[in-house]
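Line by line, the protein sequences give chains A and B. All letters in the first sequence, in the order written, are residues 36 to 309 by this note's numbering. All letters in the second sequence, in the order written, are residues 2 to 796 by this note's numbering. Quick reminder that beta carbons are idealized off the backbone N, C-alpha and C, glycines included. Since the structure is predicted, the reported quantities are computational estimates derived from the model, not experimental observations. To start, the structure itself, in structure tokens.
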Amino acid sequence: MIPAAFDYVRASSAEEAINLIGQHGDEAKFLAGGHSLVPLMKLRLAQPSVLIDIGRVSDLSYIKDAGDHITIGALTRHRDVETSSIVNEHVPLLAHATSHVGDPQVRRRGTIGGSLAHADPASDLPATTLALGATYVAQGPNGSREIPASAFYSGYLTSVLAADEMLTEIRVPKMNGAGWSFQKFNRRAQDWAIVGVAAWRNGNEASVALVNMASVPVLATSVGAAIASGASIEDAAAQAAAEADPQADLNASVEYRQHLARVLTRRALEAASA
Amino acid sequence: MTMTHETTGVLGTRMLRKEDPALLTGEARFTADLAIPGALHLAVIRSPYARARIVSVDTSAARAHAGVRAAYSGADLADLWAGPMPCAWPVTADMKNPAHLPLAVSQANYVGDGVACVIAETAEAARDAAELVDVVYEPLEAVIDLEDAVSDRVVIHDEIGTNKSYTWDLKVEEQEGDVDAAFAAATYTVKERYIQQRLIPAAMEPRAIVAVPQPFGGDMTLYSATQIPHILKVMVALTLGIPEHQMRVIAPSVGGGFGSKLNVYAEELLCVALARKHNLPVRWTETRSEGCQATIHGRGQIQDIELAADANGRLTAVRVRLIGDMGAYLQLVTPGVPLLGAFLYAGVYELPKAYDFSCTSVFTNMTPTDAYRGAGRPEATYAIERAMDSLAATIGIDPLELRRRNFIPTDKYPYEAFTGLVYDSGNHDGAATLAAELVGYDAIRAQQKTQNVDGAKRRLGIGVSTYFEMCGLAPSRVLASLNYGAGGWEAATVRVLPTNKIQVVTGASPHGQGHETAWSMIVADKLGVAPEDVDVLHSDTAISPLGLDTYGSRSLAVGGVAIAMACDKVIDKAREIAAHQLEANPDDLEFAGGAFTVAGSPDRSMPLAAIAFEAFTAHNLPDGLEPNLEAHTTYDPPNFSWPFGTHMCVVEVDVETGEIEVLKYVAVDDCGNQVNPLIVDGQVHGGIIQGLAQALFEEAVFDSDGNLRTSTLADYLVPAASDVPSIVTGHTVTPSPTNQLGVKGVGEAGTIASTPAVINAVVDALSGLGVRNMPMPASPNTVWSVINAAQGGSQ
Ligand SMILES: Cc1cc2nc3c(=O)[nH]c(=O)nc-3n(C[C@H](O)[C@H](O)[C@H](O)COP(=O)(O)OP(=O)(O)OC[C@H]3O[C@@H](n4cnc5c(N)ncnc54)[C@H](O)[C@@H]3O)c2cc1C
Chain A
36 MIPAAFDYVR ASSAEEAINL IGQHGDEAKF LAGGHSLVPL MKLRLAQPSV LIDIGRVSDL
96 SYIKDAGDHI TIGALTRHRD VETSSIVNEH VPLLAHATSH VGDPQVRRRG TIGGSLAHAD
156 PASDLPATTL ALGATYVAQG PNGSREIPAS AFYSGYLTSV LAADEMLTEI RVPKMNGAGW
216 SFQKFNRRAQ DWAIVGVAAW RNGNEASVAL VNMASVPVLA TSVGAAIASG ASIEDAAAQA
276 AAEADPQADL NASVEYRQHL ARVLTRRALE AASA
Chain B
2 MTMTHETTGV LGTRMLRKED PALLTGEARF TADLAIPGAL HLAVIRSPYA RARIVSVDTS
62 AARAHAGVRA AYSGADLADL WAGPMPCAWP VTADMKNPAH LPLAVSQANY VGDGVACVIA
122 ETAEAARDAA ELVDVVYEPL EAVIDLEDAV SDRVVIHDEI GTNKSYTWDL KVEEQEGDVD
182 AAFAAATYTV KERYIQQRLI PAAMEPRAIV AVPQPFGGDM TLYSATQIPH ILKVMVALTL
242 GIPEHQMRVI APSVGGGFGS KLNVYAEELL CVALARKHNL PVRWTETRSE GCQATIHGRG
302 QIQDIELAAD ANGRLTAVRV RLIGDMGAYL QLVTPGVPLL GAFLYAGVYE LPKAYDFSCT
362 SVFTNMTPTD AYRGAGRPEA TYAIERAMDS LAATIGIDPL ELRRRNFIPT DKYPYEAFTG
422 LVYDSGNHDG AATLAAELVG YDAIRAQQKT QNVDGAKRRL GIGVSTYFEM CGLAPSRVLA
482 SLNYGAGGWE AATVRVLPTN KIQVVTGASP HGQGHETAWS MIVADKLGVA PEDVDVLHSD
542 TAISPLGLDT YGSRSLAVGG VAIAMACDKV IDKAREIAAH QLEANPDDLE FAGGAFTVAG
602 SPDRSMPLAA IAFEAFTAHN LPDGLEPNLE AHTTYDPPNF SWPFGTHMCV VEVDVETGEI
662 EVLKYVAVDD CGNQVNPLIV DGQVHGGIIQ GLAQALFEEA VFDSDGNLRT STLADYLVPA
722 ASDVPSIVTG HTVTPSPTNQ LGVKGVGEAG TIASTPAVIN AVVDALSGLG VRNMPMPASP
782 NTVWSVINAA QGGSQ
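Right, here's the structure in full:
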């Protein structure tokens, strides 16, 4: 497993990293935890000629309470999110979902920013932050912009981030005691989800997002609407696959994925309503 | 537990393995760890097509790449091979074996078939240059489906004119027509089809090779991550035309094999051939994806089995039709795998001489198959154990009760089976009773009545499987009758050094099993020394020139027994020296606790340490006795050994999602006397997980064009510790009467027994929904689909 040859530069700040990627152009890639990028490089499915290592930009590794939301630096490791008392208190759904990412080694290296920027619909955190109504902050050569999670994902492994833009922060609204559930269905404990469901509910307000049910993470708006209009959990969950457009793979047919989405959404809503 | 010799008390204890400190600290050295200065790195260019004519190969760009020494097409190297890739098991006289060279010359026959290669100064340069080799292919239609292969609609290998390699029959009847008559007269019959999916062995250590030419004269040392250094030496010598005495093969630490390293591979031959050609070391280490594509696969059979039974459910006849998937070519023992199962399709049951087995094996455009943990026996056991459940359902009795009615009774041992093979010892009812007790069989049956009611979302099931593990492939004469290309003996040397430390040389070739520990324990017990004072040498054909290596659960029952026999010879010689020194009659000497004592005179005694030194100085030996205290033995066992047991598995199935949870797994294995129960448990645990993986997780999936879709461990689902149940092990001990240690093999038992136990449990859980069968692996999607189909598509 030998990747194609590449150059390596280490950035010590976001500004420097953005500068460097501007210099090196299209052939360059940010390297955060490396746990999505490096496997692709070893299989030679990705062949960047320059890696700009942002893994040691330590001022982008933080978790803060910011009043009605919390802020998480893009370089924060999964393990820090999973064990943070701020996240566990105010956004327990995110802490719990993060604990389902890979295995302990993966969580010690992988970063929340890398996971979101990689835009894999099978990953746990894109859908979870989508359900939570998070906002991502991106920094480019001309300054920062805020991108709602719901406007971030544009296709399989692609997002609206420009090549010279870097994710710097994730802002997640506090859950204020809402009930929640994260259902991850897989065959081996450390695998990606065949189907996953991130859900929360507060009275008649509910939000459900689906993992691995389309080329992008899916917000199941019909389910939320059904709950808002007073539908039963059973009836709301029956709508779970309405916005989805799943693919078949070795683990699941299209029909089975749709079925799982409905069953898991029902279970998630039951747990979130308990 | 009774042992034949119990002098130190070490036999039968859970002694920690000697091998583990080096492995656990990472200090053990595997082939890829060997620092060989100046070695060139090999990269193999592999066909991306399952079947294609090779139109042209242009290596010029690769040769021009920095650091590259040479690049070759298959045609460039065709003259280097003195013979084709070896197949040592021509099961029938007319077996078809297509041409197979380390690099294909005119046609590639599976995705991963080597067509060209590069050698370069670094692994990186070799890998980069491999991408620059320009191969033009003309894709041809591939044959993936086994029944399609049988039809010869498309013939893969023109030169043999058919896809059928051989048909091998085993029909046993007292009088012609007995089988048909038994089926006609049967009260109950069942007929089932089972599919043994292809499996990828996925040993932890990938294959790795270094071929090192020795100074002047053409000697060659081959380091390889292999299970079979001795067999490999012979085969490389024959295939490359190297005089055998100039070949030395060393298997350093080897990280598992499961049969996948019981082979002679193209890369081994390429490394040696190119090392000779360039007179420089050449090395290669497999990537995981190459391991998935170009290391042998296991299983791959369609099994049609029919049982006939009388009114009491007693078996009266068995009929089996197999189609075996050989893959693109025959590897070392590929064609023999179905035969190893042929004798076990009646399991541990009494069957009259009414047996009809026939296997047709075919070529397909997929990775070659070969022996994989259990090799033929898991397939056979699966078929009979699944079919017994089906028969129980047909009759309407408990599957355990049906088995009990058919068990070979303990008092009939040694038992001559319908095939003429003699089963050495057994106690099936004892094993089944213990397993039922450990699992709480009756309580689970009772709980099913309350849990598996209409509309139940989680259904409980229990599966039973009983087995024989015909192992320790021997005696050699029986192997001859099967056309197997080698014997079944094993060699041993035991050498008492001048300071009473013991050196043992074994022809077995451990790669994770713990032979160093077990052999030390046997010697410690025999000679009355501490196990730490025994060193076990192995896996280097210059140090242990005679051997038949490690596979087929043979090592202890053949190689370990040879060690004990060599110890006996050492004791015999030591007795002569002691008698001479003590001026006693040798027959009056008793050997115990590492010393000879004159019977009745405890003060007239001589320890082995003193005898060893006398043997070394040779100052005062009996007339005519040679100096030094060592002995050599080659042991050819009189019979296979026949371990047996009962496994039981309890599952709960979530009928909404198809997810299976294994709640409990009980294994009762009887491998005769246990040298080290800790090692036995380890073998049983690993084996069960591998068999459970076939039942629930693993499948090498090919698309209809012959592309392997599971070529990484993200797609090929080897379960991890977090995905498997805790295992309860129990044992009955029925010593083998055919060897002095009373031992039987245990390396494959878990794999043989567990697959049907798990699937029987799943089918049992879902029987109330009309489910009678379950394809493997029983993935959640598959289980869900099967339930839907059984419920008529509605759920
Ligand atoms: C064995 C294994 C199992 C896994 N299992 C799971 C799982 O179950 N669920 C799951 O969700 N994930 C799983 N992952 C993926 C893991 O979560 C990764 O860590 C994560 O997806 C990527 O984070 P990273 O920091 O490693 O990113 P990298 O691999 O370094 O980068 C990923 C991509 O994002 C870009 N990038 C990284 N950071 C930024 C940034 N700040 N701004 C802009 N672009 C950026 C990179 O250029 C690259 O293209 C698994 C990974 C492994 C190796």
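Burial state of residue i, where buried means 16 or more other Cβ atoms lie within 10 Å
i, result
"Asn453 of chain B", "buried"
"Tyr373 of chain B", "buried"
"Arg112 of chain A", "buried"
"Thr26 of chain B", "exposed"
"Thr203 of chain A", "buried"
"Gln176 of chain B", "exposed"
"Thr311 of chain A", "Any question about residue 311 of chain A goes unanswered here, given that chain A covers just 36 to 309."
"Val122 of chain A", "buried"
"Ala444 of chain B", "exposed"
"Leu55 of chain A", "buried"
"Met2 of chain B", "With a pLDDT of 33 at Met2 of chain B, under the threshold of 50, the predicted position of this residue should be treated as unreliable, though the coordinate-derived value follows. That one is exposed."
"Phe469 of chain B", "buried"
One or two residues paired with residue i in a DSSP bridge
i, result
"Ser48 of chain B", "The partner list for Ser48 of chain B (beta bridge, DSSP) is empty, contrary to what the question assumes."
"Ser242 of chain A", "A:Trp235"
"Pro140 of chain B", "B:Ala53"
"Phe703 of chain B", "B:Leu709"
"Val191 of chain B", "B:Leu308"
"Ser254 of chain B", "B:Phe31"
"Glu174 of chain B", "B:Ala355"
"Ile99 of chain A", "One detail in the question is off: residue 99 of chain A reads as Lys in this sequence, not Ile. In the DSSP output, where bridge partners are listed per residue, Lys99 of chain A has A:Thr106."
"Ile503 of chain B", "B:Val497 and B:Val535"
Within-8 Å CB hit, residue i to chain B
i, result
"Tyr291 of chain A", "yes"
"Asn286 of chain A", "yes"
"Met201 of chain A", "no"
"Arg180 of chain A", "no"
"Phe220 of chain A", "yes"
"Arg223 of chain A", "yes"
"Leu295 of chain A", "yes"
"Met76 of chain A", "no"
"Ile37 of chain A", "yes"
C-beta neighbour in chain A for residue i, strict 8 Å
i, result
"Phe31 of chain B", "no"
"Arg15 of chain B", "no"
"Arg128 of chain B", "yes"
"Thr368 of chain B", "no"
"Leu200 of chain B", "no"
"Asp135 of chain B", "no"
"Ser705 of chain B", "no"
"Trp285 of chain B", "no"
"Val801 of chain B", "Absent from the structure is residue 801 of chain B, since the part of chain B shown begins at 2 and ends at 796."
"Arg387 of chain B", "no"
"Asp716 of chain B", "yes"
Rounded Cβ spacing between residue i and residue j (contact assumed at less than 8 Å)
i, j, result
"Gly256 of chain B", "Ala204 of chain B", "6 Å"
"Leu15 of chain A", "Ser185 of chain A", "Given a span of 36 to 309 for chain A in the structure shown, any question on residue 15 of chain A remains unanswerable."
"Val334 of chain B", "Ala89 of chain B", "6 Å"
"Gln198 of chain B", "Met777 of chain B", "6 Å"
"Gln675 of chain B", "Gly10 of chain B", "That belief does not hold up - the Cβ atoms of Gln675 of chain B and Gly10 of chain B are roughly 14 Å apart, past 8 Å."
"Arg322 of chain B", "Glu380 of chain B", "No, Arg322 of chain B and Glu380 of chain B are not in contact; Cβ-Cβ is about 13 Å, not under 8 Å."
"Ala343 of chain B", "Phe364 of chain B", "The pair is not a contact, with the Cβ atoms about 20 Å apart (cut-off 8 Å)."
"Val685 of chain B", "Thr730 of chain B", "6 Å"
Check: residue i C-beta below 7 Å from any heavy atom of ligand 3
i, result
"Met201 of chain A", "Because ligand 3 does not appear in the structure shown, any question about it cannot be addressed here, the ligands present being ligand 1."
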